[in-house]
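Asker:
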Amino acid sequence: MSNGAIVLTGATGVVGMEVLARLLERGEDDVVVLLRAADQEAADRRLADTLARLWDDPPRDARVRAVPGDVTADGLGLDAGTRRELCATADRIVHCAAAVGFDQPLNEALAINALGTQRVLELANDLERLRRVVHVSTAFVSGRFEGRFGEDDLSCGQAFRNTYEQSKHLAERLVAASGLPVVVARPSIVVGDGTSGWTPAFSALYLPLRAFARGLLDRVPADPRGIVDAVPLDYVAGAIVHLLGEPGIDGQTFHLVAGDRAARVSDVLRLAQQRFAQPEPVYAPLQRAAGTEALVPYFDVRTQFDDARARRLLEPAGLSAAPLDALFERLMDYAEATRWGRRPTTREAARRAAAGAAPLEVAA
Amino acid sequence: MSPGTEVARFRPDDPDPVVQASFACSCCLRQPSVARIVDEREDGAVACRCDRCDRDWTVLLTEEQLLRIELRSPWRGAGTVVHRAA
Chain A
-18 MSNGAIVLTG ATGVVGMEVL ARLLERGEDD VVVLLRAADQ EAADRRLADT LARLWDDPPR
42 DARVRAVPGD VTADGLGLDA GTRRELCATA DRIVHCAAAV GFDQPLNEAL AINALGTQRV
102 LELANDLERL RRVVHVSTAF VSGRFEGRFG EDDLSCGQAF RNTYEQSKHL AERLVAASGL
162 PVVVARPSIV VGDGTSGWTP AFSALYLPLR AFARGLLDRV PADPRGIVDA VPLDYVAGAI
222 VHLLGEPGID GQTFHLVAGD RAARVSDVLR LAQQRFAQPE PVYAPLQRAA GTEALVPYFD
282 VRTQFDDARA RRLLEPAGLS AAPLDALFER LMDYAEATRW GRRPTTREAA RRAAAGAAPL
342 EVAA
Chain B
799 MSPGTEVARF RPDDPDPVVQ ASFACSCCLR QPSVARIVDE REDGAVACRC DRCDRDWTVL
859 LTEEQLLRIE LRSPWRGAGT VVHRAA
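Protein chains in written order, with the working numbering: chain A, -18 to 345; chain B, 799 to 884.
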């Protein structure tokens, strides 16, 4: 049986963009990218912009096309003809689209992360030859759970740090109730590519590191024993593409995390201190009850993620996550070379530079 | 500087009310309905919109000011919807 097309949401985000690159490099499937856009022309433009962030000269004959849509609209905002065509020709979905801001109002986070997922599940249900949906969630559906959080754990009375976690948790419950062949991928904090350092966005862990590099953090509201579970982009995207095709794993959840190899806040800040020649940070005490929060929400994590199932499946396929201390210099080299994203490079240029074939060419 | 462009005047260690003052709508003095954080030029900027007054304006930020609002949002509980440029 020939492959149907893959529908990809969230291709303009960090993980979705790398997944798109890998699917196109593999060249086995037609990829239909659902992009938030008013019409076909705008969707085509957004796809072209995305491809231009990946390749110096984006492939012209790539088996990829854009369709305008919106995960917050009924029926994903697809026109009837497009939806009919997708239902007849697509057989897999990778759902990466998400609102990742930690300070989104709850209704907005729910509209995108929970209801958006429900609409993707409805599309999946309508696909005539549905084989698999990979739902990209987050390890932080664990919320503030303290202890070991397993791949089969979801609801354990945890409180949530923000509306992002809360809405992603609800999305997973919708997935579990769907009865569809869905695999859940739960990455932790995603940093740049483990080899080139490339990333299309410098948010999450990069923000406090950038502030530290600028000498803005003389007192750090953080728990030095907090767990910083970060994984490189290539591992996360490679795993997602693998999960899309692996037989016999429907209904399972995979932690794409550092797990037992995760760093501590003190490790990360020590690395940053050495890298940026800054004085040793002074930790300010955290008093959650008084409303004093960590500098970033993920500098007070007490959750250890178990990833036994993911490692059992992915390591034999050559997919493993390098620990953050091994990646740190490479990630910071790329961050500084691109001035934390203000002088971006394509993924292709970053890979070329990492291979020693050319110096890193940053935008003017 | 184009019309509708303002310059933020706060230090990274200022408390939230001082930071918020830089983003207040000049007509109604309330916080913007929507704040879109842009970090893609030499320094940063926040594109603000006030739905009540139907006004749009941009506040320019230094890198330090940008990191301050990214790391510790001044709009928690202020009813402002915050977006980040992709």
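Glycine included, every Cβ here is placed at the ideal spot set by N, Cα and C. Only a predicted model underlies this, so the values are computations on that prediction, with no experimental measurement involved.
Please identify the residue among B:P810, B:D854, B:R870 whose C-alpha is closest to the C-alpha of B:R834.
Answerer: Reading the second sequence from its first residue, position 36 is the one you call residue 834 of chain B. When each option's Cα is compared against that of B:R834, the closest is B:D854.
Asker: Does any residue of chain B bring its CB to less than 7 Å from the CB of A:A192?
Answerer: Within the first sequence, residue 192 of chain A is the residue found at index 211, counting from 1. So, interface residue.
Asker: For A:D84, go through chain B and note every residue whose CB falls closer than 8 Å to its CB, in chain order.
Answerer: Residue mapping note: residue 84 of chain A aligns to position 103 of the first sequence, counting from 1. The contacting residues are S871, W873, R874, V880.
Asker: Whole angstroms are fine: how far does the CA of A:E317 sit from the CA of B:D837?
Answerer: What you label residue 837 of chain B is simply residue 39 of the second sequence in a count that begins at 1. What you label residue 317 of chain A is simply residue 336 of the first sequence in a count that begins at 1. Their Cα atoms are separated by approximately 15 Å.
Asker: Considering only residues of the same chain and omitting the five flanking positions on each side of A:R41, which have a CB-CB separation below 8 Å?
Answerer: Position 60 of the first sequence, counted from the start, is the residue given in the question as residue 41 of chain A. Cβ neighbours of A:R41 beyond the five flanking positions: none.
Asker: Just checking: is the beta-carbon of B:P830 within a distance shorter than 7 Å of some beta-carbon in chain A?
Answerer: By one-based count along the second sequence, residue 830 of chain B stands at place 32. With 7 Å as the cut-off, B:P830 does not count as an interface residue toward chain A.
Asker: Can you give the beta carbon distance from A:E153 to A:L135, rounded, assuming they're within the 8 Å contact cut?
Answerer: Translated into positions along the first sequence, residue 153 of chain A becomes position 172. Translated into positions along the first sequence, residue 135 of chain A becomes position 154. Yes, A:E153 and A:L135 are in contact; Cβ-Cβ is about 6 Å, under 8 Å.
Asker: Give me the Cβ distance between A:A166 and A:S118, rounded to the nearest whole Å; I'm assuming they're in contact under 8 Å.
Answerer: What you label residue 166 of chain A is simply residue 185 of the first sequence in a count that begins at 1. What you label residue 118 of chain A is simply residue 137 of the first sequence in a count that begins at 1. About 7 Å separates the two Cβ atoms, so the contact holds.
Asker: So, with DSSP's three-state summary, where would you put A:P189?
Answerer: Here residue 189 of chain A corresponds to residue number 208 of the first sequence, with the count starting at 1. Helix.
Asker: Would you say A:L341 faces chain B, with C-beta separation under 7 Å as the test?
Answerer: Residue mapping note: residue 341 of chain A aligns to position 360 of the first sequence, counting from 1. A:L341 does not count as touching chain B.
Asker: Compute the Euclidean distance between the alpha carbons of A:R195 and B:E862, then round it to the nearest angstrom.
Answerer: As a first step, residue 195 of chain A must be located in the first sequence, where it is residue number 214. As a first step, residue 862 of chain B must be located in the second sequence, where it is residue number 64. So the alpha carbons of these two residues sit roughly 8 Å apart.
Asker: From the DSSP output, read off the bridge partner residues of B:W855.
Answerer: Here residue 855 of chain B refers to the residue found at position 57 when the second sequence is read from its first residue. Answer by DSSP bridge pairing, in chain order: B:C846.
Asker: Tell me the DSSP secondary structure of A:Q99 in three-state form.
Answerer: Locating residue 99 of chain A in the first sequence gives position 118, where the first residue counts as 1. Helix, per DSSP.
Asker: Taking the alpha-carbon of A:C68 as reference, which of A:P168, A:E103, A:D107 has the nearest alpha-carbon?
Answerer: Taking the first residue of the first sequence as position 1, residue 68 of chain A is located at position 87. Taking only the C-alpha atoms, the option nearest A:C68 is A:D107.
Asker: For A:V368, which three-state DSSP category applies?
Answerer: Residue 368 of chain A lies beyond the stretch modelled for chain A, which goes from -18 to 345, so this question has no answer here.
Asker: Between the beta-carbon of B:P830 and the beta-carbon of B:C846, is there less than 7 Å?
Answerer: Residue mapping note: residue 830 of chain B aligns to position 32 of the second sequence, counting from 1. Residue mapping note: residue 846 of chain B aligns to position 48 of the second sequence, counting from 1. In this structure, B:C846 lies closer than 7 Å to B:P830 by Cβ.
Asker: Which bits of chain B does A:L214 rub up against, with CB to CB less than 8 Å?
Answerer: As a first step, residue 214 of chain A is located in the first sequence; it is residue number 233 there, counting from the start. Those do not exist, as A:L214 stays about 16 Å from chain B at its closest Cβ, beyond 8 Å.
Asker: Check the Cβ-Cβ distances between B:P815 and every residue of chain A, and say whether any is below 7 Å.
Answerer: Counted from its first residue, the second sequence places residue 815 of chain B at position 17. So, not an interface residue.
Asker: Residues of the region 145 to 179 of chain A in Cβ contact with chain B at a cutoff of 7 Å, in chain order, please.
Answerer: So the list is empty, because no residue satisfies the distance condition.
Asker: Is it true that the CB of A:P304 sits closer than 7 Å to the CB of A:R206?
Answerer: Start at 1 with the first residue of the first sequence, and residue 206 of chain A comes out as number 225. Start at 1 with the first residue of the first sequence, and residue 304 of chain A comes out as number 323. No, the pair does not count as a contact, with Cβ atoms beyond the cut-off.
Asker: Which bits of chain B does A:L197 rub up against, with CB to CB less than 7 Å?
Answerer: Taking the first sequence and counting its residues from 1, the one referred to as residue 197 of chain A is at position 216. Neighbours of A:L197 on chain B, chain order: P810, E862, L865.
Asker: Identify the contact partners of A:E89 in chain B, using a Cβ-Cβ distance below 7 Å as the criterion.
Answerer: As a working note, residue 89 of chain A is residue 108 in the first sequence. By Cβ distance, chain B contributes V879.
Asker: Between the C-alpha atoms of A:V164 and A:H236, what's the straight-line distance to the nearest angstrom?
Answerer: To locate residue 164 of chain A, count along the first sequence from 1; it is residue 183. To locate residue 236 of chain A, count along the first sequence from 1; it is residue 255. Cα-Cα distance, rounded: 11 Å.
Asker: Cβ closer than 8 Å: which chain B residues qualify as neighbours of A:G322?
Answerer: Sequence index remark: in the first sequence, residue 322 of chain A carries index 341 (1-based). Simply D837, E838.
Asker: Helix, strand or coil, according to DSSP, for A:P297 in the structure here?
Answerer: Taking the first residue of the first sequence as position 1, residue 297 of chain A is located at position 316. It is helical.
Asker: Expressed to the nearest angstrom, what Euclidean distance is found between the alpha-carbon atoms of A:G229 and A:A2?
Answerer: Sequence index remark: in the first sequence, residue 229 of chain A carries index 248 (1-based). Sequence index remark: in the first sequence, residue 2 of chain A carries index 21 (1-based). So the alpha carbons of these two residues sit roughly 25 Å apart.
Asker: Under 7 Å, Cβ to Cβ, is there at least one residue of chain D near B:L859?
Answerer: No chain D is present in this structure, whose protein chains are A and B.
Asker: Please confirm if the region 180 to 199 of chain A is in contact with the region 859 to 874 of chain B, defined as three or more CB-CB distances below 8 Å between the two stretches.
Answerer: A contact exists between the region 180 to 199 of chain A and the region 859 to 874 of chain B.
Asker: Roughly how many angstroms separate the alpha carbons of B:V857 and A:A43, rounded to a whole number?
Answerer: Taking the second sequence and counting its residues from 1, the one referred to as residue 857 of chain B is at position 59. Taking the first sequence and counting its residues from 1, the one referred to as residue 43 of chain A is at position 62. Roughly 40 Å separates the two Cα atoms.
Asker: Which residues bound the alpha helix (DSSP H) around A:V(-5)?
Answerer: Walking along the first sequence from the start, residue -5 of chain A turns up at place 14. -5 to 7 is the extent of the alpha helix (DSSP H) around A:V(-5).
Asker: Is A:R65 buried or exposed, if buried means 16 or more other CB atoms sit within 10 Å of its CB?
Answerer: On the first sequence, residue 65 of chain A is found 84 positions in, with the first residue counted as 1. By the neighbour-count rule (16 or more Cβ atoms within 10 Å), A:R65 is not buried but exposed.
Asker: Beta carbon of A:A312, beta carbon of A:V172: below 7 Å?
Answerer: The sequence position of residue 312 of chain A within the first sequence is 331, counting from 1. The sequence position of residue 172 of chain A within the first sequence is 191, counting from 1. The amino acid occupying residue 312 of chain A in the given sequence is Leu; Ala does not appear at that position. Cβ atoms of A:L312 and A:V172: closer than 7 Å.
Asker: Quick check on A:F235: does DSSP put it in helix, strand or coil?
Answerer: As a working note, residue 235 of chain A is residue 254 in the first sequence. If DSSP states are grouped into helix, strand and coil, A:F235 belongs with the strands.
Asker: Residues bridged to A:P213 by DSSP?
Answerer: Here residue 213 of chain A refers to the residue found at position 232 when the first sequence is read from its first residue. A:V172.
Asker: Determine the DSSP secondary structure at A:A330, reduced to helix, strand or coil.
Answerer: The count along the first sequence starts at 1 and reaches residue 330 of chain A at position 349. Residue state, collapsed to three classes: helix.
Asker: Please classify B:V816 as buried or exposed, where buried requires at least 16 other C-beta atoms within 10 Å of its C-beta.
Answerer: For the purposes of this step, residue 816 of chain B is taken as the residue at position 18 of the second sequence. Per the 10 Å Cβ criterion, exposed.
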